Structure formats: C-alpha cells, structure tokens
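Just so we're aligned: 1414 in the numbering used here is position 79 of the sequence shown, and the numbers increase by one with no gaps anywhere. Down below is the structure, laid out as structure tokens.
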Amino acid sequence: MRGPMVAPYYNKPTQDGFFEHYRAVSEAVDLPIVLYNIPGRTAKNMEPETIARIGELDSVVAIKESTGSMDQASQVLAISDSRCFPVMTA
C-alpha cells in the first residue's frame, strides 16, 4: 500500500476512532502514511487536535487536508509537534 490513506468512511468513527484506526495501520505496515482528510467523501471530519495526535505516530509523514478550510489547515500547522509535518491542501 502506497499513497494517502483515507479515513474509514462506513462506520463514521469518533475522533478517538480515527486515532485507533491509524495507530493500528501504523503498527501493521512498515511504510510511510499520508493522512487524507476528505470529509466530503467520508462524511466525517478529522479535527485539528486529532490530526496532530495522529501525526505523532512515527510512520505518519504528512496530511492532505481537503476540507476546503484554510482555518483548519492553519490550526493543524499551529498545534502539530515540532517535527516536519507537511500539510497539503486541495
């Protein structure tokens, strides 16, 4: 598996559910993970605090933030830890 990872869409997880999903994937594969937040397709938004928390996982290297909200992208950048965590918007 290579490329962005979309959040689970069928069960519409809680914010903790998002974290547990990506934690499980992170533990199961030895590949870099790019988060893909696209609530228009998944019907659920990953909140900035959740994205920052998931971003602390070693295998998470970036996020494609597709909410259309520059405010959300700015919040993700502001609260992410000090390591390089690219935020792509589209």
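Just so it is clear, CB atoms sit at the ideal spot from N, CA and C, and this is done for glycine as well. From a predicted model like this one, the values you see are computed outputs, not experimental measurements.
Residue 1387 is not a Cβ neighbour of residue 1404, given a cutoff of 7 angstroms. With at least 16 other beta carbons inside 10 angstroms of its own, residue 1390 counts as buried.
Residue 1361 and residue 1395 have their alpha carbons spaced roughly 8 angstroms apart.
In the same chain as residue 1400, and ignoring 5 residues on each side of it, the C-beta atoms closer than 6 angstroms to its own belong to 1372, 1408, 1422, 1424, in chain order. Relative to residue 1411, the option among 1370, 1366, 1375, 1377 whose CA is nearest is 1370.
Excluding the 5 residues flanking it on each side, residue 1392 has same chain C-beta neighbours closer than 7 angstroms at 1357, 1358, 1361, in chain order. In this structure residue 1379 is buried. Its beta-carbon is surrounded by 16 or more other beta-carbon atoms within 10 angstroms.
Following the DSSP letters along the chain, one finds residue 1345 in no alpha helix (DSSP H), marked with neither H nor E.
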